[in-house]
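There are 2 protein chains.
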Amino acid sequence: MSKKRDQLVESALELFGREGFHATGIDKVLAAAGVAKMTMYKHFRSKEELILAVLRLRDERWRNSFMLGVEKRAKDPRSRLLAIFDQLGEWFSDEGFCGCMFINATAEYADHDDPIHAASAEHKRLVEKYVRGLVEKARPSDPPDPPDSGLPGIPGAGVLARQLCLLMEGAVVLTQVCPGGDGGCAAAAAKGAAGVLIDRAMGGGG
Amino acid sequence: MSKKRDQLVESALELFGREGFHATGIDKVLAAAGVAKMTMYKHFRSKEELILAVLRLRDERWRNSFMLGVEKRAKDPRSRLLAIFDQLGEWFSDEGFCGCMFINATAEYADHDDPIHAASAEHKRLVEKYVRGLVEKARPSDPPDPPDSGLPGIPGAGVLARQLCLLMEGAVVLTQVCPGGDGGCAAAAAKGAAGVLIDRAMGGGG
DNA sequence: TAACAAACATACCGTTCTGTCTATTCCAGT
DNA sequence: ACTGGAATAGACAGAACGGTATGTTTGTTA
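Laid out in structure tokens, this is it:
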């Protein structure tokens, strides 16, 4: 639609991602985008709306790139579950990797009723949904989740998906916090754990 | 030492934890602590130094409470590894749980050279060190880490500890972001995954 | 050329931020 | 009772904040 609008969201995406939301003032975004303040307030009612637009764009781009990457790396659903962590590893070694913008957003907007927090939760829900879809494809014979999920016994698709997501989020966070070595370090450990969990959950069969 | 100093750090601990670092102004901390601004600037050179003092206190308290809780819940080292996640579950269901203050800190202070980021990384390192100690006690016959860690094969103590930490951090983050049900949900899933990983890593023996 | 909307610059609003300063009060040790 | 250090309140500085108001330029369309 509007070119200036796109420039705004683009600059805000980078600045919010790199320096945080509260720490990034509107003026900094405007200067980076080369846009006048009035123009911004014609497109967005407030800073919060700009943030929400940024989160929408980020969610769309990240999930698309993530799903595409996973599906390029492997064809059969089961190895795609492992490819998740290779894809994460590539993301981690991106120069300028600043962690997950949605995790960072919930750190700054802790109130669960806050639209920014809600948008971040929705993103995580969509990611988990995608992972769960992969799990279900990897095991077409899908027993429903046992009621006492999480304990020894074959976990249902939901439980396995959630456990894989735990590994994913853990890898993101530890990579962000710790300066440790090459980017793929936490991703590799997570991949190893994921392999064990997947084997356990679906045995030798497909 | 100083009573006012303690009140300051105490109030700052709660406010920074609940509302974030940039979003919490000095004046709010001062009002909550019932302390004058000059007194604060006699004890701390800047807001950053106050934050660092808060992080030191938080690290000390959290790790003590965590280790004590884990060691109370189980006696033998191996079940202590599982007790980690029960302890996390209790933390999650604390009213006013706002995620991990150190993860939140790195979200707001992304620069790895920033003292605040460095302090957070150090905290995570200490937690992983503790977990690794538990792993080593749980398996006294400890082969050195294989060079190609993370791939199928019996992982060394370092790899297993790291994988357990991934599950821990993942549980923290997902609990913080998603409104999902009772606090123990993610913790339970993580515990299930941890059980599988531990069994795999040390077989039936002790 | 006339009309119109979008983008422009800029000054300004009130608020809040971190940090400084002065002057006063409290309280403990001698 | 006296004194000195610690804590106090509160005004203040200077900058940055989110957001608004006014008026001008630009580009397109008719």
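In order, the protein sequences belong to chains A and B.
What the first sequence shows, in the numbering used here, is residues 68 to 273, in sequence order.
What the second sequence shows, in the numbering used here, is residues 68 to 273, in sequence order.
Built from N, CA and C at the ideal position, the CB exists for glycine as well.
Taking 8 Å as the cut-off, the Cβ atoms of A205 (chain A) and L148 (chain A) count as close.
Excluding sequence positions up to five before and after F133 (chain B), its CB lies within less than 7 Å of the CB of Q154, all in the same chain and listed in chain order. Scanning the segment 111–172 of chain A from its first residue to its last, the whole alpha helix (DSSP H) runs of 4-plus residues come out as 114–140, 144–159.
Per DSSP, the unbroken alpha helix (DSSP H) holding P182 (chain A) starts and ends at 182–205.
Nearest CB-CB separation between I170 (chain B) and chain A: below the 8 Å threshold. The Cβ atoms of G237 (chain A) and A257 (chain A) sit closer than 8 Å to each other. The contact set of R267 (chain B) on chain A, defined by CB atoms closer than 7 Å, consists of V263 in chain order. Chain order gives the chain B residues near R192 (chain A) as C245, where near means a beta carbon separation below 8 Å. Taking a beta-carbon distance threshold of 8 Å, Q154 (chain A) does not count as an interface residue toward chain B. One thing to note: L193 (chain B) has its Cβ no nearer than 8 Å to the Cβ of L234 (chain A). Pairwise C-beta distances place the segment 159–179 of chain B in contact with the segment 78–87 of chain B, as three or more of them are shorter than 8 Å. Taking a C-beta distance under 8 Å as the contact criterion, V202 (chain B) and C232 (chain B) do not qualify as a contact pair.
For T242 (chain B), the closest Cβ of chain A is not nearer than 8 Å. One Cα belongs to T91 (chain A), the other to E138 (chain B), and the distance between them is close to 43 Å. Scanning A:H179, A:R229, A:D126 for the CA closest to the CA of G259 (chain B) turns up A:R229.
If you look at C232 (chain B), you'll find it in the alpha helix (DSSP H) that goes 224–244. Of all C-beta pairs linking the segment 102–112 of chain A to the segment 179–194 of chain A, fewer than three are shorter than 8 Å, placing the two stretches out of contact. Scanning the segment 70–110 of chain A for uninterrupted alpha helix (DSSP H) segments of 4 residues or longer gives 70–86, 93–100, 104–110, listed from N- to C-terminal end. Chain B has a Cβ within less than 8 Å of the Cβ of G259 (chain A). In the three-state reduction of the DSSP assignment, A174 (chain A) falls in the helix class, which pools H, G and I.
Check the Cα spacing between L122 (chain B) and each of B:E162, B:E77, B:V244, B:R145: the tightest is with B:E77.
A straight line joining the alpha-carbon of R130 (chain A) with that of W158 (chain A) spans about 12 Å.
Chain-order list of chain B residues neighbouring H110 (chain A): empty, with the shortest C-beta distance near 25 Å, by a criterion of under 7 Å.
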